[in-house]
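A short worksheet on the structure shown next.
There are 2 protein chains.
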Amino acid sequence: MKAYEQMTKEELLQEQEKLQKEYKGFEEAGLKLNMARGKPESAQLDLSMPMMDLVDSKSSCLAEDGTDCRNYGEMDGLPEAKKLMAEIMECEPEQVIVFGNASLNVMFDSIARAMIHGVCGGKPWGQQGKIKFLCPVPGYDRHFAVTECLGIEMINVPMNEDGPDMDMVEKLVASDPLIKGIWCVPKYANPTGISYSDEVVRRFAKMKTAADDFRIFWDNAYCVHHLYEEPEKQDKILNILDECAKAGNPDRVLEFASTSKITFAGAGISAMAASEKNLEDVKKIMTIQTIGHDKLNQLRHVKFLKDRAGVDAHMMKHAAIMRPKFEKVEEMLAEEITPLGIGSWISPRGGYFICFRALPGCAKRIVALAKGAGVVLTGAGAPFPYGKDPEDAVIRLAPSYPNMEELVMAAKVFICCVKLASVEKLLAAKN
Amino acid sequence: MKAYEQMTKEELLQEQEKLQKEYKGFEEAGLKLNMARGKPESAQLDLSMPMMDLVDSKSSCLAEDGTDCRNYGEMDGLPEAKKLMAEIMECEPEQVIVFGNASLNVMFDSIARAMIHGVCGGKPWGQQGKIKFLCPVPGYDRHFAVTECLGIEMINVPMNEDGPDMDMVEKLVASDPLIKGIWCVPKYANPTGISYSDEVVRRFAKMKTAADDFRIFWDNAYCVHHLYEEPEKQDKILNILDECAKAGNPDRVLEFASTSKITFAGAGISAMAASEKNLEDVKKIMTIQTIGHDKLNQLRHVKFLKDRAGVDAHMMKHAAIMRPKFEKVEEMLAEEITPLGIGSWISPRGGYFICFRALPGCAKRIVALAKGAGVVLTGAGAPFPYGKDPEDAVIRLAPSYPNMEELVMAAKVFICCVKLASVEKLLAAKN
Numbered sequence: 072m073k074a075y076e077q078m079t080k081e082e083l084l085q086e087q088e089k090l091q092k093e094y095k096g097f098e099e100a101g102l103k104l105n106m107a108r109g110k111p112e113s114a115q116l117d118l119s120m121p122m123m124d125l126v127d128s129k130s131s132c133l134a135e136d137g138t139d140c141r142n143y144g145e146m147d148g149l150p151e152a153k154k155l156m157a158e159i160m161e162c163e164p165e166q167v168i169v170f171g172n173a174s175l176n177v178m179f180d181s182i183a184r185a186m187i188h189g190v191c192g193g194k195p196w197g198q199q200g201k202i203k204f205l206c207p208v209p210g211y212d213r214h215f216a217v218t219e220c221l222g223i224e225m226i227n228v229p230m231n232e233d234g235p236d237m238d239m240v241e242k243l244v245a246s247d248p249l250i251k252g253i254w255c256v257p258k259y260a261n262p263t264g265i266s267y268s269d270e271v272v273r274r275f276a277k278m279k280t281a282a283d284d285f286r287i288f289w290d291n292a293y294c295v296h297h298l299y300e301e302p303e304k305q306d307k308i309l310n311i312l313d314e315c316a317k318a319g320n321p322d323r324v325l326e327f328a329s330t331s332k333i334t335f336a337g338a339g340i341s342a343m344a345a346s347e348k349n350l351e352d353v354k355k356i357m358t359i360q361t362i363g364h365d366k367l368n369q370l371r372h373v374k375f376l377k378d379r380a381g382v383d384a385h386m387m388k389h390a391a392i393m394r395p396k397f398e399k400v401e402e403m404l405a406e407e408i409t410p411l412g413i414g415s416w417i418s419p420r421g422g423y424f425i426c427f428r429a430l431p432g433c434a435k436r437i438v439a440l441a442k443g444a445g446v447v448l449t450g451a452g453a454p455f456p457y458g459k460d461p462e463d464a465v466i467r468l469a470p471s472y473p474n475m476e477e478l479v480m481a482a483k484v485f486i487c488c489v490k491l492a493s494v495e496k497l498l499a500a501k502n
Numbered sequence: 072m073k074a075y076e077q078m079t080k081e082e083l084l085q086e087q088e089k090l091q092k093e094y095k096g097f098e099e100a101g102l103k104l105n106m107a108r109g110k111p112e113s114a115q116l117d118l119s120m121p122m123m124d125l126v127d128s129k130s131s132c133l134a135e136d137g138t139d140c141r142n143y144g145e146m147d148g149l150p151e152a153k154k155l156m157a158e159i160m161e162c163e164p165e166q167v168i169v170f171g172n173a174s175l176n177v178m179f180d181s182i183a184r185a186m187i188h189g190v191c192g193g194k195p196w197g198q199q200g201k202i203k204f205l206c207p208v209p210g211y212d213r214h215f216a217v218t219e220c221l222g223i224e225m226i227n228v229p230m231n232e233d234g235p236d237m238d239m240v241e242k243l244v245a246s247d248p249l250i251k252g253i254w255c256v257p258k259y260a261n262p263t264g265i266s267y268s269d270e271v272v273r274r275f276a277k278m279k280t281a282a283d284d285f286r287i288f289w290d291n292a293y294c295v296h297h298l299y300e301e302p303e304k305q306d307k308i309l310n311i312l313d314e315c316a317k318a319g320n321p322d323r324v325l326e327f328a329s330t331s332k333i334t335f336a337g338a339g340i341s342a343m344a345a346s347e348k349n350l351e352d353v354k355k356i357m358t359i360q361t362i363g364h365d366k367l368n369q370l371r372h373v374k375f376l377k378d379r380a381g382v383d384a385h386m387m388k389h390a391a392i393m394r395p396k397f398e399k400v401e402e403m404l405a406e407e408i409t410p411l412g413i414g415s416w417i418s419p420r421g422g423y424f425i426c427f428r429a430l431p432g433c434a435k436r437i438v439a440l441a442k443g444a445g446v447v448l449t450g451a452g453a454p455f456p457y458g459k460d461p462e463d464a465v466i467r468l469a470p471s472y473p474n475m476e477e478l479v480m481a482a483k484v485f486i487c488c489v490k491l492a493s494v495e496k497l498l499a500a501k502n
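Going down the list, the protein sequences come from chains Z and G.
According to the numbering used here, the first sequence holds residues 72 to 502 in order.
According to the numbering used here, the second sequence holds residues 72 to 502 in order.
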């Protein structure tokens, strides 16, 4: 195979004709495939069905301390649910509040709370002028939607293979007191799949911030979501809570996690981990906002997952379903795209995404072509604040939802679209 | 029995001595009873246990339209859950959004959203100066806590036997554009137990408001919570959504309800009903805040309660547990308190509370005395904004949580404390 860059105009035209025929075939097949969202496949959800029978008698509705989980109370979560979520987040139960089914909601509420009430006694963010968040890019579109929705200005920070560009982060947070936060997915990042190095985590913990009420929003969404069983193929990150405490900045971080991609995407439990001071600050408002979250579901999770060993064993069942899909897509890309020099990605060892980097200026066209052939991809630009990818190059692939057969077909369409858009671009450059 | 008012100082001193002895007996008994919160008794929770077995296989996790309720999606609720909640709230499914386990959270979020984003395109409440809410009193302490927490000034409006003093409400909302809302529990009100008359509902719908973005927070928490089966003993209220629409003010009201006191207090489902315009306004932010609420629990509720007839039949089982308790407390009060002229209440035909009105200046003392004898009551003042009962007279009694034996003992203690505080007050007046 010859790289497209090295092709003559004539060769490119020939290639284009061939690709157009292939594309037409896909169009005519009337496909309806979706690689847009990090949504578990049905077989993954089946793994947690035994959970549904564990809380179905009066006695099984009682928590360890005798609390009747059917009734009101236990606003910040059952003790055993805190313990479970602490094991997942690798921190102490005392550092945890357990919430409802969606950690996104907890993050939204945390920022809304800061806007209205301020953070730990500080002036409400909403009264401090135009506040800003740092957004490592590419990142998670729903994070950026939250900050945009709440009127917060977003500043792009490049992502490297070991985490955000910390030189830039340190410089910005040290100089601007209106920078109040940064979005981080520190492990198997959405969408790049990389994990933060120890050095990056330590720099986060140690850096000087101009704002006292600066908080790191540490969305540890994929903390136990490995694709491989071999320890050497599992990413490990430093514990940010510990590092912040060691560095004398114990209140700097709010960490989030959920079981959405452990048990049920729509009916898991979520948690925040933070310093005592931060938790008190959260609970002060939380006690007004709710009487408590669904403790029966917390109990179900505890009875089913039991402890970290139980979680790890369960996650390997997910990995057995996910791994072949990731490997298949990567194999197809490596075979079809790499030799042509029209795209690259970092092999993820966990999480839910493959982050494809196309030739600059091609992402939107690829997504549009795929849509035309019946394959829905995450919108080009989505992994960037305001939906604007400055290079129009990044496409997030989510291999989890389709079954293997559908996935292979979707990947074929995607590959054809990448080639087609790349040829178009190179031809345009030659005119 | 002689009314205390008519007793001489000597008679009162004699009575006091007798009561002090009785009180001492309670103190020594080391009681631990609670009539503070509207919390269902364990036997009421048992009524919904069959619900826990209804969603436990892959096929039983599918909604009517095939949606896999274990996965992400259906942000505003399952269609069949909307239908169920619409039947409970007596409106159309199109007027409903289904949320998580706590309607309080939905109310908090609705006001927080208005503070940050405004209502239906209006200026954010938080940027309009010191905004205000009308608070019919006595009312629900958690409502007042929400508005206080969000920095909203609260104005007391007296409650009559047919609803809030509408002359005052109409006058205030017509003249002050900073009055943005009013808290209402229109049926079996917390804590007075009264239901709003048709006239009151119509005046709410028709009244002129100085603020375009004024909203009625219609917390229909006890909409199906009758104590009696006979239709003539069940309160009925007009449908506020219909009345507002008829009056040309379709967007005036946000209605809330939940199954917290139908199925499980800690693990029910909640809903908002409102006009299309209001729902669109809510969903615009909601879609950023969450991917969706727990649909498995929504499905469980639909399968268990089925429809309005199913709900009504189920509520009669609650009534069978609750009614004897309410009647017992009222019987004891009627026997022991009424003849002494030291307290009154309105007989509730539904809901969770008996609202006792003591002699002015006695409520705090009664609550303190009861606490001293091991009976926790709702704090005096709690049913008022800022916890301040101007007359120090109202005490909310919640007979639901204790079993009958405990309740009788708690009521005995309460009655003794009412008498004792009343004697003290009358004696003080004679000095």
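No residue lacks a Cβ here, since even glycine has one placed at the ideal position from N, Cα and C.
{"Item": "Beta carbon proximity, residue 341 of chain Z to chain G, threshold 8 angstroms", "Value": "no"}
{"Item": "Other residues of its chain near residue 482 of chain G: CB distance less than 6 angstroms, five sequence neighbours each side excluded", "Value": "400 and 403"}
{"Item": "Buried or exposed by the 16-neighbour rule on C-beta atoms within 10 Å, applied to residue 203 of chain G", "Value": "buried"}
{"Item": "Proximity test, Cβ basis, 8 angstroms: residue 330 of chain G and chain A", "Value": "Of the protein chains in this structure, namely Z and G, none is chain A."}
{"Item": "Given residue 110 of chain Z as reference, the closest of Z/170, Z/469, Z/229 and Z/172 once Cα atoms are compared", "Value": "Z/469"}
{"Item": "Whole-angstrom distance between residue 239 of chain Z and residue 259 of chain Z, CA atom to CA atom", "Value": "22 angstroms"}
{"Item": "Continuous beta strand (DSSP E) stretch holding residue 224 of chain Z: start and end", "Value": "224 to 231"}
{"Item": "Proximity test, Cβ basis, 8 angstroms: residue 118 of chain G and chain Z", "Value": "no"}
{"Item": "Cβ-based neighbour list, residue 229 of chain G, same chain, cut-off 6 angstroms, excluding 5 preceding and 5 following", "Value": "236"}
{"Item": "Proximal residues of chain G, C-beta to C-beta of residue 221 of chain Z below 7 angstroms", "Value": "187"}
{"Item": "Within chain Z, partners of residue 111 of chain G - CB distance below 7 angstroms", "Value": "142"}
{"Item": "Where the beta strand (DSSP E) through residue 150 of chain G begins and ends", "Value": "Note, residue 150 of chain G: premise wrong, no beta strand (DSSP E); alpha helix (DSSP H) at 150 to 160."}
{"Item": "Where residue 488 of chain Z falls: helix, strand or coil (DSSP)", "Value": "helix"}
{"Item": "Neighbourhood of residue 407 of chain G by C-beta, 6 angstroms cutoff - its chain only, sequence neighbours within 5 removed", "Value": "486"}
{"Item": "Per-residue DSSP class, three states only, for residue 133 of chain Z", "Value": "strand"}
{"Item": "Contact check, residue 144 of chain G vs residue 363 of chain G, beta carbons under 8 angstroms", "Value": "yes"}
{"Item": "Any chain Z beta carbon closer than 8 angstroms to residue 261 of chain G", "Value": "no"}
{"Item": "Those residues which DSSP pairs with residue 105 of chain G across a bridge", "Value": "G/447"}
{"Item": "Pairwise C-alpha distance: residue 105 of chain G and residue 394 of chain G", "Value": "18 angstroms"}
{"Item": "Proximity test, Cβ basis, 8 angstroms: residue 364 of chain Z and chain G", "Value": "yes"}
{"Item": "Range covered by the beta strand (DSSP E) that runs through residue 343 of chain G", "Value": "341 to 344"}
{"Item": "Proximity test, Cβ basis, 8 angstroms: residue 127 of chain Z and chain G", "Value": "yes"}
{"Item": "Counted within 10 angstroms of its Cβ, other Cβ atoms place residue 536 of chain G as buried (16 or more) or exposed", "Value": "With chain G covering 72 to 502 only, the question about residue 536 of chain G has no answer from this structure."}
{"Item": "Below-8 angstroms beta-carbon distance, residue 450 of chain Z vs any chain G residue", "Value": "no"}
{"Item": "Beta carbon proximity, residue 217 of chain G to chain Z, threshold 8 angstroms", "Value": "yes"}
{"Item": "CB contact check: residue 337 of chain G to chain Z, cutoff 8 angstroms", "Value": "yes"}
{"Item": "Unbroken beta strand (DSSP E) run spanning residue 429 of chain Z, endpoints", "Value": "425 to 429"}
{"Item": "For residue 285 of chain Z, the first and last residue of its enclosing beta strand (DSSP E)", "Value": "Run containing residue 285 of chain Z: none; DSSP gives neither H nor E here."}
{"Item": "Contact with chain G by residue 139 of chain Z, beta-carbon distance below 8 angstroms", "Value": "yes"}
{"Item": "Check whether residue 445 of chain Z and residue 95 of chain Z have beta carbons under 8 angstroms apart", "Value": "no"}
{"Item": "Given 8 angstroms, three or more beta-carbon pairs between the stretch 166 to 178 of chain G and the stretch 212 to 230 of chain G", "Value": "yes"}
{"Item": "Which listed residue (G/255, G/464 and G/166) has its alpha carbon closest to that of residue 426 of chain G", "Value": "G/464"}
{"Item": "Cross-chain neighbours of residue 175 of chain Z in chain G, by beta carbon under 9 angstroms", "Value": "359, 360, 361 and 362"}
{"Item": "Between the CA atoms of residue 158 of chain Z and residue 451 of chain Z - distance to the nearest angstrom", "Value": "36 angstroms"}
{"Item": "Spatially closest choice to residue 156 of chain G from G/349, G/383, G/85 and G/188, by CA coordinates", "Value": "G/383"}
{"Item": "Proximal chain G residues relative to residue 123 of chain Z, where beta-carbon distance stays under 7 angstroms", "Value": "126 and 127"}
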